[in-house]
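A.B. asks: Taking mature numbering (1 follows the signal peptide of the UniProt record, and there is no 0), I'd label the letters of the sequence shown as residues -26 to -1, 1 to 86.
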Amino acid sequence: MPHPLLKPVALAAAAFLSLGAATASAQANLERATSLAQIHAIMEYCGVLTPELLDILKKRQQSATRESGVSSLVFDAEYLRAYTKARTAMADFGEEEKELTCQPMRAMAGQD
């Protein structure tokens, strides 16, 4: 029979080991927030999806991120940072660069 004091240690060790998985999941969801924001910026720039649909997609990812332990404030800050960076970069696009960016998005949306 194991020593009674070892049980709390085993529980603490299990909790500590599972913390890494939760942290990895939270980090992965934050990375998805960054990717999602960049894609939303491109789709909005190209006029591919409506703002309403983009908002629905953002809320779904925000919910999944919150379930992984990341607060909505952290998600929103990361999303806004990545979205703003992408929109700023696209603001200087010429017509050719805009077409090269938007053509694949329109094709994926069935608009080409």
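We put the CB at the ideal spot given by N, CA and C, even for glycine.
Values in this document were obtained by computation on a predicted structure and should not be read as measured data.
1) What do you reckon, are the CB atoms on Thr8 and Ala63 nearer than 8 Å?
2) Is Ala(-13) helix, strand or coil by DSSP?
3) On the criterion of 16 or more Cβ atoms from any shown chain inside 10 Å, does Met17 qualify as buried, or is it exposed?
4) Is it the case that the Cβ atoms of Ala15 and Arg61 are separated by a distance below 8 Å?
5) My assumption, with CB atoms under 8 Å, is that Val22 sits in contact with Ala65. Please give the rounded CB distance.
C.D. replies: So, from the listed chains and residues:
1) no
2) In this prediction, Ala(-13) scores a pLDDT of 42, lower than 50, which makes its location untrustworthy; the coordinate-derived value is nonetheless stated afterwards. In this structure, Ala(-13) counts as helix in the three-state DSSP scheme.
3) buried
4) yes
5) The Cβ separation is near 18 Å, so there is no contact.
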